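Residue numbers (our numbering): 413 to 624.
For every residue, glycine included, the Cβ atom is placed at its ideal position computed from N, Cα and C.
Quick caveat, the model's predicted, so the values are computed rather than measured.
Quick notes on the structure that follows.
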Ligand code: GAR
């Protein structure tokens, strides 16, 4: 599959969050420091599946439009997915970044944004998919873990991998300590990958993603 970004110089990003939004902040800082033209992208809106989170506060402080789309405000998961698709589409993104967004996206969302929907995950996929990746890695006793930036498909953390980085596990690590060390690495990887994809484009060859 060929890359599916438009040819416009500065790509439009919508970022989805569910929590503290430190990955969002890293993207905001990169755009602010380099400028949208040099970074290749700008964040045009930030969305969440819940209110009152630091991720939304970060977006508001940056002066960005925000939206909240909660599952419980909709009749069904499908209706929620359709509403989320619509509000995201209203911001006309070239790329959607799920940066700590803790909901599985549905059929309609994937039909519209599949192939340009990026997620970061705090483990070396395909090991430890799902919502408790850091806890699961610790419980298994692996000696290294890390982070993965990947395209989202209709499975749970199963889409084609764009980039990964390794984090060593220390004997004294608990879940919080390891989570924070992974986040330090994943913020750098996410900023790098999103910028390169926005500036250069990418190609999907089966399970392989090649940044051009
Ligand atoms: C990140 O570690 C991200 O990998 C993880 O949530 C954290 C969000 O942190 N995502 C998942 O676990 C998705 N399955 P942040 O809100 O500080 O950016």
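Judged by DSSP in its simplified three-state form, residue 549 adopts helix. The continuous beta strand (DSSP E) containing residue 479 extends over residues 478–480. Distances from the alpha-carbon of residue 523 to those of 607, 622 and 498 put 498 closest. In the DSSP annotation of this structure, the continuous segment of the alpha helix (DSSP H) that includes residue 590 starts and ends at 587–612. Around the beta carbon of residue 452, a 10 Å sphere encloses 16 or more other beta carbons of the protein chains shown; the residue is thus reported as buried. Around the beta carbon of residue 598, 16 or more other beta carbons sit within 10 angstroms, so the residue counts as buried. Apart from sequence neighbours up to five positions away, the residues of its chain that approach residue 423 with a beta-carbon distance below 7 angstroms are 417, 452, 453, 506, 507 and 610, ordered along the chain.
Beta-bridge partners of residue 423 (DSSP): 453. Inter-residue distance for residue 624 and residue 487 is about 42 angstroms (C-alpha atoms, whole angstroms). Ligand 1 has a heavy atom closer than 7 angstroms to the beta-carbon of residue 543. Ranked by how close their Cα comes to the Cα of residue 464, the residues 591, 429, 592 and 475 have 429 in first place. Proximity to residue 474 across 438, 450 and 585 peaks at 438, based on C-alpha coordinates.
The C-beta separation of residue 467 from residue 457 comes to about 12 angstroms, leaving the pair out of contact by the 8 angstroms criterion.
In the DSSP assignment, residue 522 falls within the unbroken alpha helix (DSSP H) covering 519–525.
Per DSSP, the unbroken alpha helix (DSSP H) holding residue 443 starts and ends at 434–446.
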